[in-house]
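**Student:** Numbering (this note's numbering), first residue to last: 466 to 725.
Heads up, the beta-carbon is just placed ideally off N, CA and C, and yes, glycines get one too.
Structure in structure tokens, see below.
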């Protein structure tokens, strides 16, 4: 009995030891659970803090992404502006080159125009000198023309007087009038140049006086002389008078020869 009792007590002691050990383990486990709870509580706070930080990071990332997107848009806009500016610069450079080319042409044309102007000025100066010379020559020519006109008028008047003298001679011969011969001889208006011819005409009048047959021939000579005078008004008066004298003298000689 005692052995059984001892065994029971020993079993009881063992159970109590086991219970004590279990209590100790339970206490340790509780302590661990408490620590774990405390740790979990801290971890939850940490997790909440991390979640908050993550949320902040996310917000920051979103803000940064938005800023990046805006910056990219701004950069794209700036790139577009730069591209447009480069295109504008290229167009300006092209325009400048074309302008420089046109300026080169204009300079060349200006130089050509300057050379032409110099040539034209030289030519103009030469023409001015030629004009002065021509004006001088024109004045001299007009003076000569005026002198010639005056001379021709004077010569024409003398020619008319000579024709009148010849007609008078013919009239004297035709009418057989000796008194009329002095009409020609005394015509002092004919000038000194005519006087030698007047003497010859007097001789002709004496040769043909009272010769009725010669009247017709003399009239024909007068008409021929009149035609010659009309056709050659611009020729020298003295040439005409000399021709007339020669014609009349030849006719006189021919008639005298016939009369003999």
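#1: To the nearest angstrom, report how far apart residue 593 and residue 611 are at their CA atoms.
#2: Note down the Cα distance separating residue 477 from residue 487, rounded to an integer number of angstroms.
#3: Tell me the rounded alpha-carbon separation between residue 587 and residue 566.
#4: Entirely within the region 506-545 and at least 3 residues each: give me those beta strand (DSSP E) ranges in chain order.
#5: Compute the Euclidean distance between the alpha carbons of residue 554 and residue 561, then round it to the nearest angstrom.
#6: For residue 485, which residues in the same chain have their Cβ closer than 7 Å to its Cβ, ignoring the five residues on either side in sequence?
#7: What number of angstroms, rounded off, separates the C-alpha of residue 552 from the C-alpha of residue 520?
#8: Taking only the alpha-carbon atoms, compute the straight-line gap between residue 508 and residue 497 and give it to the nearest angstrom.
**Tutor:** For this structure:
#1: 26 Å
#2: 14 Å
#3: 31 Å
#4: none
#5: 10 Å
#6: none
#7: 46 Å
#8: If you draw a straight line from the Cα of residue 508 to the Cα of residue 497, it comes to about 15 Å.
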